[in-house]
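K.L.:
Just so you know, the sequence shown maps onto residues 5 to 828 in my numbering. Backbone N, C-alpha and C fix where the C-beta goes; we use that ideal spot for every residue, glycine too. Quantities reported herein were computed from a predicted structural model and do not represent experimental measurements. Below is a structure I'd like to ask you about.
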Amino acid sequence: MNQKKTSSASNSQTSSHHRHEPALNERDNGTQGKEQHAQSQVTEVPEPSHEMNGMDHHKATSKQQEHESSDSNHGLMDHEVSSMDYSHKGHEISGMDHGHKDHEMSGMNHSHTNHEMSGMEHSHTDHEMSGMDHGHKDHEMSGMNHSHMNHEMSGMDHSHMDHGMGGMDHSMHMGNFKQKFWLSLVLAIPIVILSPMMGIELPFQFTFPGSDWVVLLLGTILFFYGGQPFLSGAKMELKQKSPAMMTLIAMGITVSYFYSLYAFIANHFLAVPHVMDFFWELATLIVIMLLGHWIEMNAISNAGNALQKLAELLPKEVIRKNADGSEEQIPLEEVTNKTQLIVRSGDKIPTDGTILEGETTIDESAVTGESRRVPKTVGSTVIGGSVNGNGTITMEVTGTGEDSYLAKVMEMVRKAQADKSRLEALSDKVAKWLFYIALVAGVLAFAVWLFVADLPTALDRMVTVFVIACPHALGLAIPLVVARSTSIAAKNGLLLKNRNALENAHHVDYLILDKTGTLTEGTFTVTGIEATGSLSASEVLAYLAGLEKTANHPIAEGILAQAEKENITAKKATDVQTRTGIGLEGVIDGQKWLIVNQKGLEQLAIQYQGNSLENYQEQGNTISYLVHDGKVEGIVALGDKVKPEASQFIQKVKDLGITPVMATGDNQEAAQAVADYLGIEAFHAAMLPDDKERLVSDYVKEGKRVVMVGDGINDAPSLARATIGIAIGAGTDVAIDSADVVLTNSEPQDILHFLTLAKKTRRKMIQNLWWGAGYNIFAIPLAAGVLAPIGIILNPAVGAVLMSMSTIIVAINAMTLSIEKSGD
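Now the structure itself:
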């Protein structure tokens, strides 16, 4: 248990003080995350207080920080946090050593993605639909020694697009499913018109000589074309010994078709009484089921290709440094390990590697979620896909293809998605029981009627049971609710990518949240400015802005943004120069002024012990000093602000009986300060992607339902592993593609709306399943002839009416789903 420590303060050295919301800067300790428990009590302390959304932070624990993030190194034409050495933190993920989470997936070209999925033709991607199984997925990589990096996808259902229909993967393009529905509808209309309406003899006939041959031909085409997804799905379900929706539908259409084929042969070539066919049932069942699938696919957002998004982080061409020192521009795919590359300012880092020459700062936000640039020197490792700062570097390639960090991350994502896809959907549970009930009832009916009557009667009763068991309304029960709920979700800032998320979120035990970008703003901003000499705080900001005006790095951007916000005009600075490793200097009004970090103060032999330094340092801020004539005239602290609504959000989560847990790559002190302020009793600091994934996995293995919220590539594995993964809309594409739900407005409050919607959606799903399955449960015994002794046998015409009524009720009930969005 980490106890909060109350620190004393005085105003003895502060002549003027600007107070901003303090914040925490994410820094990687390179250590394993440990769960810390922070007390939530607030202790009053004297000024100067540094508020975080109004809360006093003198209570944060003060500890020696492994990385002096409060010291900002302004060298390398940037402000580097040089004392925070990010370059030598080796962390192993799946056996790969990579300093400071510095990894990359190199040069992946996904233009030829092949999903083998059982013979379905798709216009843009060849999906051969093998029921539900994606045996393998070859992602062609254009990078180094990985032209055919094979990601084994066996058993993976692409959870974003898994609609819970057995194990069947609906990854086929929605446009192709739409086309299959419309073509099947065209085939079904004449079948219905030309067939006796489930035994109803109307006063007029649409038939003509030979029309039954037309029905047979169209019915055969419809069975093999429109019914193919269900037949393939049933094959895979039976292979996995887990019959569900696909098996139930396949049983209905198969029995309908072959019995109708028998009826056609009997009526034309055998001397038997007229046998009624079920082509009408075949046509309507296939069309309704395809419609249900299409509705659901239209409602649920298609998952992007996360690996494609990773490929987009990489440049197509790189600059190679040859042995003779010459430079040559080459395609990324020609790069191999040990190749030396030159990366200029503003360019993307093409591969994992180690810096051989030069110094710079790296923007790793797209890869690790780190909100500020990370200083790099000779020997530091760099991640492919990150962006180089102002310095030019020469790097040696160390990781490509399968060996890169991003490839390892995506492998964890793939495995997590494969495990999650095995979860059984609610509709499948109902369909499984209906299948067994229909199978038993049909066999019993056949045996009984064979004993009390004859073979034709027994066969007729059995077939009727199998056909009646076909879930017309059940096929629409879930898709209609999903379509309605996704529409409501969109209006509440939610993008649903996985239908199962709605079913699984009705009860949640833990809500695990990333810190940066989720609970905090994720931007590097000024959190405090203090005047410590003869200047006012506004004048300190004016001098800082003047010196930083021509710079291009996070600290400069934060200072200039604050000056603009406060309408303060920057001082005119001339002869601004970088002082390598400590900061920069310039001339203002004929006098020399400097901005330096703690190391710079030491080199200048300046002693400064401001009362507020400890508070800023505890909160993880980067501190810079304004120096003139050997004295500190002011200090500026920059960090990542906590979102104003985060505290209220956490309290509401607790009110729902859900335990909030924070998991961050930040260090212990910074993480604890946020946890203290928000009232989060459990947090995990210094976590790598595999640490987060392991944390989520441990909870899941304990039988807990876990919601994970994150925004970075480093969150992707845990987002995929969680019961429900929720991505912040402003986050990386890879995180979004790994999640089940996306917060389009990036507002934590929308998580509460999702949980409320999920509960109401599940309630509607259960209601619709009862209405849909209720028809089958009621009709199956009648079709079997249990009331035959009293003269009651289910007429197919009555069955059609009951089916229509249940379908209408299901549709109306789905439309009554609603949710009130709170105004807070």
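Tell me whether V790, by its Cβ, gets closer than 7 angstroms to a heavy atom of the ligand ATP.
P.N.:
Among the components modelled here there is no ligand, and therefore nothing to report on the ligand ATP.
K.L.:
From what residue to what residue does the alpha helix (DSSP H) around Q652 run?
P.N.:
The residue labelled residue 652 in the question sits at position 648 within the sequence shown. Q652 -> alpha helix (DSSP H) spans 650-659.
K.L.:
Buried or exposed: where does M819 fall if 16 or more other Cβ atoms within 10 Å of its Cβ makes it buried?
P.N.:
As a first step, residue 819 is located in the sequence shown; it is residue number 815 there, counting from the start. With fewer than 16 Cβ atoms within 10 Å of its Cβ, M819 is classed as exposed.
K.L.:
Work out the CA separation of A690 and I812 for me, nearest whole Å.
P.N.:
Counting from 1 along the sequence shown, the entry for residue 812 is found at position 808. Counting from 1 along the sequence shown, the entry for residue 690 is found at position 686. Approximately 54 angstroms between the Cα atoms of the pair.
K.L.:
Whole angstroms is fine: what's the gap from S651's alpha carbon to P558's?
P.N.:
Your numbering for residue 651 matches position 647 in the sequence shown. Your numbering for residue 558 matches position 554 in the sequence shown. Using only the alpha carbons, I get a separation of about 26 angstroms.
K.L.:
Go through its chain and collect everything with a Cβ distance to F3's Cβ below 8 angstroms, but skip five positions before and after it.
P.N.:
Residue numbering for the chain in the displayed model covers 5 to 828; residue 3 lies beyond these limits and cannot be assessed.
K.L.:
Measuring straight from C-alpha to C-alpha, what distance separates Q829 and K696?
P.N.:
What is shown of the chain runs 5 to 828, which leaves residue 829 out entirely.
K.L.:
What's the C-alpha gap between M255 and L294?
P.N.:
In the sequence shown, counting from the first residue as 1, residue 255 sits at position 251. In the sequence shown, counting from the first residue as 1, residue 294 sits at position 290. Each residue's alpha carbon lies about 16 angstroms from the other.
K.L.:
Suppose you measure from the CA of N749 to the CA of N496; what does that come to, to the nearest Å?
P.N.:
Numbered from 1 along the sequence shown, position 745 holds the residue referred to as residue 749. Numbered from 1 along the sequence shown, position 492 holds the residue referred to as residue 496. In this structure, the straight-line span from the alpha carbon of N749 to that of N496 is close to 9 angstroms.
K.L.:
Just to confirm my understanding: we take A248, look at its own chain, exclude 5 residues before and 5 after, and list those with CB closer than 7 angstroms. What are they?
P.N.:
Walking along the sequence shown from the start, residue 248 turns up at place 244. The residues are G170, E241, D432, A435, K436.
K.L.:
Leaving aside the five residues before and after V471 along the sequence, list all residues of the same chain whose C-beta is less than 7 angstroms from its C-beta, in chain order.
P.N.:
Locating residue 471 in the sequence shown gives position 467, counting from the first residue. Within the same chain, V471 has close Cβ partners G256, V259, S260, F282, E285.
K.L.:
Could you give the uninterrupted runs of the alpha helix (DSSP H) lying entirely in the region 723-764, keeping only those of 4 residues or more?
P.N.:
If we require 4 residues or more, the alpha helix (DSSP H) runs fully inside the region 723-764 come out as 737-742.
K.L.:
Going by beta carbon distance, what residues of the same chain come within less than 7 angstroms of I728, once the five residues before and after it are set aside?
P.N.:
By one-based count along the sequence shown, residue 728 stands at place 724. Once the five neighbours on either side are set aside, the close Cβ partners of I728 are A505, N508, A509, V711, D744, V745.
K.L.:
If you measure between the beta carbons of I346 and G383, is that distance less than 8 angstroms?
P.N.:
Stepping through the sequence shown from its first residue, residue 346 is reached at position 342. Stepping through the sequence shown from its first residue, residue 383 is reached at position 379. Cβ atoms of I346 and G383: not closer than 8 angstroms.
K.L.:
Helix, strand or coil for S822 per DSSP?
P.N.:
Position 818 of the sequence shown, counted from the first residue, corresponds to residue 822. Here S822 sits in coil by DSSP.
K.L.:
Determine the direct distance from the alpha carbon of G521 to that of V447, and round the result to whole angstroms.
P.N.:
Locating residue 447 in the sequence shown gives position 443, counting from the first residue. Locating residue 521 in the sequence shown gives position 517, counting from the first residue. Taking the straight line from one Cα to the other gives about 59 angstroms.
K.L.:
Check each candidate in L226, Q244, L430 and name the one with the smallest Cα separation from D770.
P.N.:
Reading the sequence shown from its first residue, position 766 is the one you call residue 770. It should be pointed out that residue 770 corresponds to Ile in this sequence rather than to Asp. If we check each option's Cα against that of I770, L430 comes out closest.
K.L.:
What is the residue span of the beta strand (DSSP E) that G532 lies within?
P.N.:
In the sequence shown, counting from the first residue as 1, residue 532 sits at position 528. Per DSSP, G532 belongs to the beta strand (DSSP E) from 529-535.
K.L.:
DSSP puts E400 in a beta bridge; with which residues?
P.N.:
Along the sequence shown, one-based indexing puts residue 400 at 396. Paired residues: Q344, T358.
K.L.:
Is DSSP giving T663 helix, strand or coil here?
P.N.:
Start at 1 with the first residue of the sequence shown, and residue 663 comes out as number 659. DSSP places T663 in the strand class (E or B) of the three-state scheme.
K.L.:
Shortest alpha-carbon distance to L222 belongs to which of L747, T396, L191, K245?
P.N.:
To locate residue 222, count along the sequence shown from 1; it is residue 218. Of L747, T396, L191, K245, the residue nearest in Cα terms is L191.
K.L.:
Is it buried or exposed, L759, if we count other Cβ atoms within 10 angstroms and call 16 or more buried?
P.N.:
Along the sequence shown, one-based indexing puts residue 759 at 755. Around the beta carbon of L759, 16 or more other beta carbons lie within 10 angstroms, which makes this residue buried.
K.L.:
Is DSSP giving M148 helix, strand or coil here?
P.N.:
In the sequence shown, counting from the first residue as 1, residue 148 sits at position 144. With a pLDDT of 35 at M148, under the threshold of 50, the modelled position of that residue is not reliable, and no figure is offered here.
K.L.:
For a test of the three-state rule: what should DSSP assign to N817, helix, strand or coil?
P.N.:
Here residue 817 refers to the residue found at position 813 when the sequence shown is read from its first residue. Note: N817 maps to helix in three-state DSSP.
K.L.:
For A481, collect the residues of the same chain with a Cβ closer than 6 angstroms to its Cβ; drop the 5 residues on either side in sequence, then sort them by chain order.
P.N.:
Looking up residue 481 in the sequence shown gives position 477. Correct list, in chain order: N772, L773, G776, V814.
K.L.:
For the region 537-552 against the region 586-604, are there 3 or more C-beta pairs whose distance is under 8 angstroms?
P.N.:
yes
K.L.:
Which of helix, strand or coil does DSSP assign to Y703?
P.N.:
Translated into positions along the sequence shown, residue 703 becomes position 699. Of the three classes helix, strand and coil, the one that applies to Y703 here is helix, per DSSP.
K.L.:
Name the two residues that bound the continuous beta strand (DSSP E) containing S628.
P.N.:
In the sequence shown, residue 628 corresponds to position 624, counting from 1. S628 -> beta strand (DSSP E) spans 626-632.
K.L.:
Quick one: measure Cβ to Cβ for S489 and L756, integer angstroms, because I've assumed they're closer than 8 angstroms.
P.N.:
Looking up residue 489 in the sequence shown gives position 485. Looking up residue 756 in the sequence shown gives position 752. About 16 angstroms; that fails the 8 angstroms criterion.
K.L.:
On the three-pair Cβ rule with 8 angstroms, is the region 538-545 touching the region 658-666?
P.N.:
No: fewer than three Cβ pairs fall under 8 angstroms.
K.L.:
Kindly indicate which three-state DSSP category D367 falls into: helix, strand or coil?
P.N.:
The count along the sequence shown starts at 1 and reaches residue 367 at position 363. D367 falls in the strand class under three-state DSSP.
K.L.:
Are the Cβ atoms of P233 and V218 separated by less than 8 angstroms?
P.N.:
The residue given as residue 233 occupies position 229 in the sequence shown. The residue given as residue 218 occupies position 214 in the sequence shown. Annotated as distal: P233 and V218, with beta-carbon spacing of 8 angstroms or more.
K.L.:
I'd like the span of the alpha helix (DSSP H) that includes T837, first residue to last.
P.N.:
Since the first residue of the chain shown is 5 and the last is 828, residue 837 is not available in this structure.
K.L.:
If we ignore side chains and look at the alpha-carbon of each, how far apart do G329 and V378 end up?
P.N.:
By 1-based counting over the sequence shown, the position of residue 329 is 325. By 1-based counting over the sequence shown, the position of residue 378 is 374. One C-alpha to the other measures close to 28 angstroms.
K.L.:
Which same chain residues end up closer than 6 angstroms to A560 when comparing Cβ atoms and leaving out the 5 residues on each side of it in sequence?
P.N.:
As a position in the sequence shown, residue 560 is number 556, starting the count at 1. So the qualifying residues of the chain are E552.
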